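Taking it in order: structure first as structure tokens, then the write-up.
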Amino acid sequence: MLTLAYNRPEMPEQERCLQQFVVDNAPVLALNAIAASHGDISYIQLQNLFNHQLAQWWTLPHDNPQPANQYEASYWSLVQTLNGISDYQLIGDRFIQHKVATLSCYLLNIGPSPEVTAINRP
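What follows is the structure, encoded as structure tokens:
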């Protein structure tokens, strides 16, 4: 009989649901953030998207304020960045454009993992 050398602990259903939310929503937000920074969509459309994602997030049961992994931390960092700026900053501020592009590329799996400061889930 074969036995596994390493048994991964089972992820609780609640955490699995939260991770699925991030996996489903992060690429959409990343694409729209890049599009808004290039002027392809309006900043209001981008705001509506991340406000809708936050509204969906708040319906999920969660009690741990810490992101589960680097991918989730990058997602919340992008949300926080987009929430704290105005449209002219997204289009005209090179530092913000670089930060949004770096986070977005990572969330789209086309860039390296960015250094994200400590962040909590909303």
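Heads up: the sequence shown is residues 3 to 124, going by my numbering. C-beta atoms are modelled at their ideal positions from N, C-alpha and C, and glycine is treated no differently. Note that the coordinates shown come from a computational prediction; the quantities given were computed from them, not determined experimentally.
Nearest-angstrom Cα distance between Asp-65 and Ile-98? In this model, Asp-65 and Ile-98 are separated by some 31 angstroms (Cα to Cα).
How far does the alpha helix (DSSP H) with Gln-99 in it reach, from first residue to last? According to the DSSP assignment, Gln-99 belongs to the alpha helix (DSSP H) that extends over 96-109.
Host alpha helix (DSSP H) of Thr-119 (start-end): No residue range can be given for Thr-119, since it is assigned to no alpha helix (DSSP H) and is classified by DSSP as neither H nor E.
When the distance is taken between beta carbons, is Pro-14 closer than 9 angstroms to Leu-56? In this structure, Pro-14 does not lie closer than 9 angstroms to Leu-56 by Cβ.
8 angstroms contact criterion, which His-84 and Leu-62 should meet: CB distance rounded: Before going further, note that residue 84 is Leu rather than His in the sequence given. The Cβ separation is near 20 angstroms, so there is no contact.
Exposure label - Asn-50; buried when at least 16 CB within 10 Å: Exposed: under 16 other Cβ atoms inside 10 Å.
How long is the line joining the alpha carbons of Asp-42 and Leu-105, rounded to whole angstroms? Cα to Cα, the separation comes out at about 18 angstroms.
Could you work out which residue in Gln-68, Phe-52, Ser-76 is closest to Cys-107 when comparing CA atoms only? When C-alpha distances from Cys-107 are compared across Gln-68, Phe-52, Ser-76, the shortest belongs to Ser-76.
Go through its chain and collect everything with a Cβ distance to Val-30's Cβ below 6 angstroms, but skip five positions before and after it. None.
Taking only the alpha-carbon atoms, compute the straight-line gap between Trp-78 and His-40 and give it to the nearest angstrom. Distance from the CA atom of Trp-78 to the CA atom of His-40, rounded to whole angstroms, is 21 angstroms.
When you compare only the Cα positions, how much space is there between Arg-18 and Ala-32? Those two C-alpha atoms are separated by around 21 angstroms.
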